[in-house]
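Read through the structure below, which is laid out as structure tokens, and then see the notes.
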Amino acid sequence: MAKTVFITGASSGIGEGMAKEFAKRGYNLALAARRKASIDQLAVELSEQFPGQRIETIKLDVTDVAAVQKVIPELAKQFGVVDIVVANAGIGGGGDIGSDKFDEDAAIIQTNILGAMATIDTAIKLFKEQGHGQIVGIASVAGFRGLPGASVYCASKAAISTYMDALQLELHQSPIDVTCLYPGYIDTPINNKMKSRPFLIDVEKGSHILVDLIEKKVKKSTVPVYPWNMIGRLLKVVPQSLLAGRV
Numbered sequence: 001m002a003k004t005v006f007i008t009g010a011s012s013g014i015g016e017g018m019a020k021e022f023a024k025r026g027y028n029l030a031l032a033a034r035r036k037a038s039i040d041q042l043a044v045e046l047s048e049q050f051p052g053q054r055i056e057t058i059k060l061d062v063t064d065v066a067a068v069q070k071v072i073p074e075l076a077k078q079f080g081v082v083d084i085v086v087a088n089a090g091i092g093g094g095g096d097i098g099s100d101k102f103d104e105d106a107a108i109i110q111t112n113i114l115g116a117m118a119t120i121d122t123a124i125k126l127f128k129e130q131g132h133g134q135i136v137g138i139a140s141v142a143g144f145r146g147l148p149g150a151s152v153y154c155a156s157k158a159a160i161s162t163y164m165d166a167l168q169l170e171l172h173q174s175p176i177d178v179t180c181l182y183p184g185y186i187d188t189p190i191n192n193k194m195k196s197r198p199f200l201i202d203v204e205k206g207s208h209i210l211v212d213l214i215e216k217k218v219k220k221s222t223v224p225v226y227p228w229n230m231i232g233r234l235l236k237v238v239p240q241s242l243l244a245g246r247v
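Rendered as structure tokens:
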């Protein structure tokens with residue numbers, strides 16, 4: 001029987017990429033995003049390629065906690081079970097601290113932290129009732145160290161990393177699998193205006209690696225593993241004087 005995966009932020013970037021990759025591997029899909037037209041079009045394309053699989057779309061803003069808490073249990077009723085939930089929805093932006101961009105900063109916190117936590121919390125409640133499931137948090141290598149010009153985005157991803165660490169301890173030796181992934185630079189709209197994107201990979205390759213790691217039920221990993229695993233460790237010890245000149 002095909003497994004069902006629920007992905008937030010599925011209208012573009014790695015969310016869309018993972019939807020395509022999961023579809024190739026025979027999964028039923030529940031795709032959520034604020035831009036309903038985008039995921040509807042994606043669903044049409046995937047249904048044409050994979051006519052035997054069930055694909056549902058949901059208009060969802062993860063900052064609407066009540067909506068998140070309603071959607072996930074409803075999906076479980078519709079599909080019979082939800083096997084994997086990928087808390088992927090996230091936004092970039094912001095700027096230097098004190099640069100009159102606090103509204104942008106607040107939106108990042110609302111989406112990347114509170115929206116992700118609402119998704120994860122609701123999924124875990126469902127998985128406890130089901131007796132199984134896998135939750136996937138999408139952090140970032142940007143969460144390894146606060147970087148100039150990206151303070152709030154870095155902080156938001158560090159928060160998800162720490163939150164997932166705690167969740168892994170809470171669910172140790174339980175039938176619920178917890179995976180936290182840390183993408184490096186994958187060519188998506190969230191970073192395509194950046195001046196420097198070292199070790200950039202395309203969405204198709206990045207999504208393939210992400211889904212491989214999810215299927216392996218790894219506890220945590222950078223994406224790709226090399227060179228970002230090594231870079232992530234180095235970032236934590238690089239002197240401030242080197243990073244202050246902008247990376």
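No gaps in the numbering here: position 57 of the sequence shown is 57 in UniProt numbering, and each next residue is one more.
C-beta: ideal position from N, C-alpha, C; glycine also.
Because the structure is a prediction, the values reported are computed rather than measured.
Can you find the residues in the same chain that come closer than 6 Å, C-beta to C-beta, to residue i, ignoring five residues on each side of it along the sequence?
{"i": "Q53", "result": "N28"}
{"i": "E56", "result": "A30"}
{"i": "E104", "result": "G93, G94"}
In this structure, what does DSSP give as the bridge partners for residue i?
{"i": "N229", "result": "Note: N229 sits in no beta bridge, so no partner."}
{"i": "I186", "result": "I201"}
{"i": "I176", "result": "G133"}
Please state if the CB of residue j and the CB of residue i are separated by a distance shorter than 7 Å.
{"i": "K101", "j": "G94", "result": "yes"}
{"i": "V218", "j": "T179", "result": "yes"}
{"i": "A142", "j": "S161", "result": "no"}
{"i": "V223", "j": "L234", "result": "no"}
{"i": "A32", "j": "L60", "result": "yes"}
{"i": "residue 277", "j": "E16", "result": "Since the displayed the chain opens at 1 and closes at 247, residue 277 lies outside it and no answer follows."}
{"i": "L126", "j": "I72", "result": "yes"}
{"i": "V44", "j": "G115", "result": "no"}
{"i": "G133", "j": "I176", "result": "yes"}
{"i": "G13", "j": "P189", "result": "yes"}
{"i": "S221", "j": "M18", "result": "no"}
With a CB to CB cut of under 7 Å and the five nearest residues on each side skipped, what residues in its chain are close to residue i?
{"i": "I108", "result": "I91, G93, G94, V152, Y153, S156"}
{"i": "V81", "result": "T4, Q130"}
{"i": "L200", "result": "Y185, D187"}
{"i": "K36", "result": "T57, K59"}
{"i": "Q168", "result": "V178, K219"}
Can you tell me which of the three DSSP states residue i falls into?
{"i": "N88", "result": "coil"}
{"i": "L181", "result": "strand"}
{"i": "A30", "result": "strand"}
{"i": "I201", "result": "strand"}
{"i": "F6", "result": "strand"}
{"i": "Q53", "result": "coil"}
{"i": "V247", "result": "Confidence at V247 is low in this model, with a pLDDT of 48, below 50, so its placement is unreliable and the value that follows should be read with caution. Of the three classes helix, strand and coil, the one that applies to V247 here is coil, per DSSP."}
{"i": "K36", "result": "helix"}
{"i": "G133", "result": "strand"}
{"i": "V44", "result": "helix"}
{"i": "T119", "result": "helix"}
{"i": "I108", "result": "helix"}
{"i": "T162", "result": "helix"}
{"i": "S221", "result": "strand"}
{"i": "S241", "result": "helix"}
{"i": "K236", "result": "coil"}
{"i": "K59", "result": "strand"}
{"i": "I138", "result": "strand"}
{"i": "A213", "result": "At residue 213 the sequence reads Leu, which differs from the Ala that was named. L213 falls in the helix class under three-state DSSP."}
{"i": "P148", "result": "coil"}
{"i": "I97", "result": "coil"}
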